[in-house]
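Quick mapping for you: the protein sequence lines, in order, are chains A, B and C. With my numbering applied, the first sequence covers 97 to 417. With my numbering applied, the second sequence covers 3 to 141. With my numbering applied, the third sequence covers 3 to 509. Backbone N, C-alpha and C fix where the C-beta goes; we use that ideal spot for every residue, glycine too. For reference, the structure is listed below as structure tokens.
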Amino acid sequence: MTTGEESPIIRTSSRRFAKGLAVIVIIMAIGAGINLGFADFWHKFPPSNQLKIQEVKGGESVVSTGVTREFELKFVESADFRTLGFNAVTGEAEANPPIEVNVGDTITVKVENGGKMPHAFGVVSNPEDPNTIVFKAAFKSASDPIKSGEKGEVTFTPTKEGEYFYICTVPGHSLQGMQGKFIVKKAEGAAGGAVAPAKPTGMSHSFDFAFTESADFRTLGFNAPKGEPNSNPEIRVKAGDSVTINVINNGKMPHAFGIVSDPENPNAIVFNVKIKSADNPILKGQTGSVTFVADKPGHYFYICTVPGHPLQGMQGDFIVE
Amino acid sequence: MGSHNMIEWVYIAAVVAILTWVGADSWVIEKYIDEIPEDAETIKVTAQQWFWTFEHEDGTKEVGELHLKAGKAYRFEVTSKDVIHAFNIPFYTAMIDAVPGRINKVWFAPDQTGEFLIQCREYCGLLHSQMRAKLIVEA
Amino acid sequence: MVLEIRKPRPLWEILFSTHHTDVALLYTVSSLIFLFMGGTLAMVIRSELLFPGPTIINDPSIFNRIFTMHGTDLLFLWLLPFAAGIGNYLIPIMVKYKDMAYPKLNAVAYWMIPPGAALVWLGWADIGWTAYPPYSIIRAPGPAADMWIFGLKILGLSSILSSINFVVTILKCKHPDLPIMKVPIFVWAMLITSFMILAALPTFTASLIMLYTDRLGVSGFFNPAMGGDPIAYQHLFWFTFHPEVYIFFIPAIGMAYELIPKFSRKPLFSYSSGVIALILLGLIGFASWAHHMFSTGLSFIEKTVFMVGTLAAVPMSAMHVFNWIATPWGGRIRFAAPTKWVYGGIALFFTAGAGGVVNTAIPLDFITHDSYWVVGHFHLFVMGTISFIFFGFMYYIFPFMTGRMYSERLASIHFWLMFIGAILTFVTQHILGLFGMPRRVYDYVSDPDLIIMNQIASIGAFMMGTAMATFLANMIHSTMKGKPARMEDPFEIGEQYYDYRRREPHH
């Protein structure tokens with residue numbers, strides 16, 4: 097390619113090199129600018145699969161009413177297997193009895209396969225679609241059914257009022273008659289003793305809580321780590337008082353707030369009091385607040401609803417007199 | 003292959019001999035470590051972000067601390083509630099990953115009394131460095 | 003910016019050129035930039051670890067991002083692109099062809115690196131360079147982790163494309179009068195590396211896609227809440243990344259084979275031994291991946307199989323070391339910077355390998371896994387061996403790139419500070435690991451032994467930082483104002499150097 101005469105070698109000059117260096121430095125500066133300019137954006141969102149978990153849980157947590165109801169349902173088939181039903185073949189009087197329960201009740205459904213075909217049980221929002229299971233109320237499924245003669249049961253808590261259906265979730269069986277109404281009504285009255293909710297007294301309180309952590313992050317607490325003075329103060333209000341709770345996260349870990357009936361159960365929320373949640377928490381330095389009416393007397397607990405945190409010390413008494 | 007000297011063959015043979023010894027010795031020792039003694043007492047270890055909880059055979063639960071007796075064999079059944087952690091008692095070189103959805107086992111028999119460190123040995127997020135617990139071995 | 007033939011070309015023409023020497027320049031310069039960026043992060047990490055508790059960083063999540071970026075940047079943006087750069091410079095020359103087989107693909111493969119790097123560097127994910135689920139799936143915040151995944155996917159694709167180019171160039175474009183058993187061993191090294199990349203990387207690409215769909219919640223491959231298995235990811239990851247550590251190392255082996263015979267002024271001891279050892283290493287490298295997973299709860303048989311697979315790769319490395327010592331034996335060694343770096347690298351390689359044999363002894367791995375021993379071990383490899391040989395080669399190729407000579411005195415300071423610093427830092431970290439210090443921690447137990455060792459390691463690191471600053475100064479100053487090199491034989495070895503007239507771009 098090169099013949100005879102040597103091609104001249106040109107070694108770079110300082111100016112050309114400095115120009116190249118300047119290009120590099122400018123690009124890096126622009127990158128740093130974009131990064132720092134939107135500093136809180138890059139780590140803002142929890143993974144999408146965490147947001148889905150909230151949906152699957154069925155939205156609001158509910159107070160248990162303490163009432164337990166049991167129902168027995170038997171899968172039956174007509175002699176020619178063309179008409180099906182619960183307890184009796186559809187068309188007959190006792191077939192597919194409607195079930196009425198309250199939000200918060202603990203429901204146990206005992207099923208028995210009195211037919212020859214395989215069946216499965218589920219409570220759904222759409223009787224034509226076995227995939228619209230609600231309240232996790234399902235026993236076995238089309239791919240893993242209840243065999244002829246077998247029994248089983250499922251226990252669940254309806255969390256939302258509405259008109260649902262209990263069906264056999266094997267495709268087609270619902271249309272052949274295996275469906276009945278499952279009506280969930282709003283709970284009235286409190287658990288057990290059915291004390292009527294107190295009328296608002298007009299008194300309002302405001303409490304400030306700070307999530308705090310010990311230096312080794314092993315002991316946590318409200319206002320101070322558990323064991324130190326002023327940690328987890330006891331709160332007393334009268335039934336019917338309005339309460340505002342302000343929280344601030346003075347620790348490094350994410351936290352969330354809730355008032356529950358059982359300190360070991362972050363889902364047993366009472367008075368619908370919660371600020372954020374374990375999947376969507378209050379991050380370090382952030383604040384939140386909630387206002388509610390403490391209308392039912394009882395001994396409740398205010399906790400951090402992130403799993404494990406009440407155990408590490410983030411719980412205190414919330415007493416409504 | 004003309005320039006292959008005898009010396010290279012001897013050298014490679016020596017290397018292979020050392021490696022074989024390492025492999026064989028490891029096999030023997032690992033066989034011993036892998037087999038958990040029948041009479042070992044079971045301790046359930048649960049890791050979660052960012053602390054340890056323990057459950058003894060009789061149902062006693064401990065948070066952040068574990069009380070054991072010297073001279074006894076213990077089997078740890080280790081799992082996690084969220085992400086991968088690793089259960090490690092450096093002084094006794096007990097080490098096994100805590101994987102959610104799985105129970106891993108490791109055993110040891112502490113022969114000394116005192117307080118020892120339990121730490122997390124798998125990166126698990128914000129406070130991995132702080133995820134420690136205390137092992138208290140009593141006579 | 004660098005040596006030109008006939009006339010100086012405008013910067014944009016060099017940037018968008020497809021000639022192998024220009025693409026090589028882009029690879030080499032970018033990799034050096036990323037080397038300094040990752041190295042700066044290392045200085046920050048070692049400063050933080052001078053004392054237990056928060057020292058200069060108050061927020062542990064920032065520390066977690068820093069070590070993630072440090073590892074990701076140095077592995078994917080320094081080691082791989084530098085090897086690709088040197089390969090691009092030399093392979094066409096060594097197989098006596100005019101350019102790479104696919105010059106435009108070559109340029110495309112390079113230009114995928116800036117966007118991939120931008121995604122990774124803008125996001126600053128905190129998942130560790132290994133991105134183990136479930137943490138990376140259910141806890142790592144977005145969009146940082148998602149950007150990391152996409153960035154790595156682009157970088158992986160770039161590697162695969164450049165590997166295809168190397169394989170075709172070497173096997174199909176080699177000069178017909180040049181038999182394959184007579185090409186320099188560096189060519190063999192790049193060939194085997196490229197085959198390994200083609201075999202190993204697709205698994206990681208699949209794993210990245212699975213991580214991403216798991217993060218979206220549409221799949222549950224590694225999410226126990228959806229029926230998945232986090233350990234499955236580790237198998238897939240290490241199936242790629244154990245061969246990948248050989249992919250990082252084999253180009254350096256090739257460079258050592260290039261430098262040692264020349265600077266010993268003696269022919270290579272055994273060419274066929276080198277080639278066979280490389281081929282066997284490339285194959286057996288695929289048989290040892292789960293030695294990274296000994297503590298995850300594998301069965302006894304699984305652990306034994308992988309221990310044997312790991313040990314089986316050691317004799318090959320021993321063959322290379324033998325070659326490298328037997329070659330200069332009885333020769334007239336020319337002690338310039340490249341020689342020092344290569345031999346320093348080989349000495350540290352021996353130490354790294356010895357530590358590796360300890361790790362592969364299963365019971366001992368339970369002591370060392372995920373402790374600072376592992377940190378010391380792999381740094382002795384990636385810094386002490388691979389980067390050392392890369393630095394040596396950088397000095398060697400400097401006259402070819404710029405037409406000037408670097409300052410030998412500064413290079414000597416660079417070498418000795420790095421060598422002593424590397425021993426101070428990485429050997430100490432082995433002992434730290436035996437004392438139980440976990441890795442990926444910004445805080446450690448306030449034990450006087452741990453504190454003193456961490457401080458020694460940090461001093462070594464600061465020595466290395468100073469050395470690298472000397473390197474940067476040497477490179478910049480020598481490029482601009484260095485003594486013009488004698489292009490036929492810049493190192494006065496008496497051997498032919500690379501033909502600088504190749505710098506003339508044909509298209």
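Cα-Cα separation, residue i to residue j
{"i": "VAL280(A)", "j": "ALA233(A)", "result": "13 angstroms"}
{"i": "ASN456(C)", "j": "ILE120(B)", "result": "21 angstroms"}
{"i": "LEU117(A)", "j": "GLU6(C)", "result": "18 angstroms"}
{"i": "ASP413(A)", "j": "LEU203(C)", "result": "56 angstroms"}
{"i": "PRO143(A)", "j": "ASP375(A)", "result": "10 angstroms"}
{"i": "SER297(C)", "j": "GLY409(A)", "result": "32 angstroms"}
{"i": "LEU132(A)", "j": "ASN60(C)", "result": "18 angstroms"}
{"i": "GLY347(A)", "j": "ILE378(A)", "result": "10 angstroms"}
{"i": "SER336(C)", "j": "PHE395(C)", "result": "This sequence places Arg at residue 336(C); Ser is not what is there. Going from the Cα of ARG336(C) to the Cα of PHE395(C) covers about 15 angstroms."}
{"i": "ALA109(C)", "j": "LEU27(C)", "result": "11 angstroms"}
{"i": "SER32(C)", "j": "HIS405(A)", "result": "47 angstroms"}
{"i": "SER301(C)", "j": "TYR29(C)", "result": "43 angstroms"}
{"i": "ASN328(A)", "j": "ALA364(A)", "result": "19 angstroms"}
Coil, strand or helix - residue i by DSSP
{"i": "ILE45(B)", "result": "strand"}
{"i": "HIS177(C)", "result": "coil"}
{"i": "LEU77(C)", "result": "helix"}
{"i": "SER338(A)", "result": "strand"}
{"i": "CYS122(B)", "result": "strand"}
{"i": "ALA432(C)", "result": "Checking the sequence shown, residue 432(C) turns out to be His, not Ala. Here HIS432(C) sits in helix by DSSP."}
{"i": "GLU330(A)", "result": "coil"}
{"i": "GLN498(C)", "result": "coil"}
{"i": "GLN50(B)", "result": "strand"}
{"i": "MET97(B)", "result": "strand"}
{"i": "PHE53(C)", "result": "coil"}
{"i": "GLY419(A)", "result": "Past the boundaries of the shown model lies residue 419(A); chain A is included only from 97 to 417, so the question cannot be answered."}
{"i": "PRO102(B)", "result": "strand"}
{"i": "GLY130(C)", "result": "coil"}
{"i": "ALA44(C)", "result": "helix"}
Neighbour flag for residue i against chain C, beta carbons, 8 angstroms
{"i": "THR179(A)", "result": "no"}
{"i": "GLN146(A)", "result": "yes"}
{"i": "GLY66(B)", "result": "no"}
{"i": "THR95(B)", "result": "yes"}
{"i": "GLU10(B)", "result": "yes"}
{"i": "GLY127(B)", "result": "yes"}
{"i": "TRP29(B)", "result": "yes"}
{"i": "LYS33(B)", "result": "yes"}
Within-8 angstroms CB hit, residue i to chain A
{"i": "GLU490(C)", "result": "no"}
{"i": "GLN50(B)", "result": "yes"}
{"i": "GLU15(C)", "result": "no"}
{"i": "LYS83(B)", "result": "yes"}
Below-8 angstroms beta-carbon distance, residue i vs any chain B residue
{"i": "GLN408(A)", "result": "yes"}
{"i": "HIS371(C)", "result": "yes"}
{"i": "CYS400(A)", "result": "no"}
{"i": "LEU268(C)", "result": "According to the sequence as given, residue 268(C) is Lys; it is not Leu. Answer no: the Cβ-Cβ gap between LYS268(C) and chain B never drops below 8 angstroms."}
{"i": "VAL185(C)", "result": "no"}
{"i": "MET321(C)", "result": "yes"}
Cβ distance (whole Å) where residue i is taken to contact residue j below 8 angstroms
{"i": "GLY372(A)", "j": "GLY384(A)", "result": "Sequence check: residue 372(A) is Lys here, not Gly. LYS372(A) to GLY384(A), Cβ: 6 angstroms. Contact."}
{"i": "ALA47(C)", "j": "HIS72(C)", "result": "Correcting the residue identity first, residue 47(C) is Ile in this sequence and not Ala. Going by Cβ atoms, the distance from ILE47(C) to HIS72(C) rounds to 6 angstroms, so yes, they are a contact pair."}
{"i": "THR427(C)", "j": "MET466(C)", "result": "7 angstroms"}
{"i": "VAL47(B)", "j": "PRO232(C)", "result": "Not quite, the Cβ-Cβ distance comes to about 17 angstroms (not below 8 angstroms), so this is no contact."}
{"i": "THR329(C)", "j": "LEU238(C)", "result": "About 40 angstroms; that fails the 8 angstroms criterion."}
{"i": "MET192(C)", "j": "ILE93(C)", "result": "6 angstroms"}
Unbroken alpha helix (DSSP H) run spanning residue i, endpoints
{"i": "LYS170(A)", "result": "Taken as a continuous stretch (DSSP letters only), LYS170(A) belongs to no alpha helix (DSSP H), being part of the beta strand (DSSP E) at 164 to 173."}
{"i": "ASN90(C)", "result": "82 to 96"}
{"i": "VAL189(C)", "result": "187 to 218"}
Delimiting residues of the beta strand (DSSP E) encompassing residue i
{"i": "VAL65(B)", "result": "63 to 65"}
Neighbouring residues, chain F, relative to residue i (Cβ below 9 angstroms)
{"i": "LEU5(C)", "result": "Of the chains in the structure shown, none is chain F; the protein chains are A, B and C."}
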